[in-house]
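At position 97 of the sequence shown (counting the first as 1) the number is 97 in the UniProt record's numbering, and the numbers step up by one without a gap.
Even for Gly, the Cβ is constructed at its ideal location relative to N, Cα and C.
Computed from a prediction, not measured in an experiment: that's the story for all the values here.
Below: the structure, in C-alpha cells.
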Amino acid sequence: MKQEFYDRLAAPFETSERKKNCLLRVNHILTDVVYLVYPALLFYLMVYRDSRFWRVLLVPAVTFVLVSLFRRKFNAPRPYEKWPVKPLIPKDTKGNSFPSRHVFSIYIIAMAAWYVCPPLGVILCVAGVFLAAARVIGRVHFVKDVVAGALIAVGCGILSFWVI
C-alpha cells in the first residue's frame, strides 16, 4: 500500500488533538488490559490447579520469543522510516516492524483465554482488531505487520491449544 493510504487513515487524528488523544488512549488501554488479563488468567488456573496452566503459560511465552527472534532477523522498516511522516503513537524504534508484536501478543493471549473461557477469548479478539487499527493509524506499523501478527498468533494458538 502506498503512503497516501496511510495518510488518509491518519489525517483525522493529525488535525484533532482530541482524536489523537483518543487513539493514544485506545492503544495504551488495550495493551494494559491484555497484560493484566493474562496474569489474572494464569492466577485463576493456578488457584484452581487447572491442568491447562502450563500450556497457557508456555505457549504465549515460547511463541513470543520466536516472533521476537524472527522480527529481529527480518528487521522490516516502520512507516515513519520508509516515508517522511511522524508517528502519532510516540515511537522511535528502528526496524522490527514485521510482524507487530503488540498485535501478536493480544491475539496469542486471546487464544489462551479462548482455550479457558471462550467468551473472554472472543472479547480479546475484538479488542485485537481495535489495537491493530490503532497501530496502523498511529503510523507505527503497516497493515501487513498487524495482519501477520494476528494470523501467526491465531495459527499458533489453534495448533498449540486444540490440535497438539
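- What are the start and end residues of the alpha helix (DSSP H) that includes Cys-22? 17-47
- Task: For Gly-95, name the three-state secondary structure that DSSP assigns.
- Result: coil
- Message: Applying the 10 Å Cβ sphere with the 16-neighbour rule, what's the burial state of Asn-21?
- Response: exposed
- According to the Cβ coordinates, are Glu-14 and Leu-88 closer than 9 Å? yes
- Task: Could you have a look at Arg-72 and say whether DSSP puts it in helix, strand or coil?
- Result: helix
- Query: If you draw a straight line from the alpha carbon of Lys-94 to that of Tyr-48, how long is it in whole angstroms?
  - Reply: 43 Å
- Message: Under 8 Å: do the segment 102-111 and the segment 123-142 share three or more Cβ pairs, one atom per stretch?
- Response: yes
- Given Val-154, which residues of its chain have a CB within under 7 Å of its CB, disregarding the five upstream and five downstream residues? Tyr-107, Met-111
- Task: Can you tell me which of Ile-164, Trp-162, Pro-12, Gly-157 puts its alpha carbon nearest to the alpha carbon of Phe-64?
- Result: Gly-157
- Tell me whether Leu-41 is buried or exposed, calling it buried when 16 or more other Cβ atoms sit within 10 Å of its Cβ. buried
- Message: Given this structure, state the Cα-to-Cα distance separating Gln-3 from Phe-70, to the nearest angstrom.
- Response: 25 Å
- Taking Val-140 as the reference, give the member of Pro-12, Val-85, Leu-36 with the closest Cα. Val-85
- Message: Let me make sure I understand the geometry here. Which of Leu-57, Val-147, Asn-96, Pro-90 has the alpha-carbon closest to that of Ala-113?
- Response: Leu-57
- Closest to Val-129 by CA distance: which of Lys-144, Ala-150, Trp-162 is it? Ala-150
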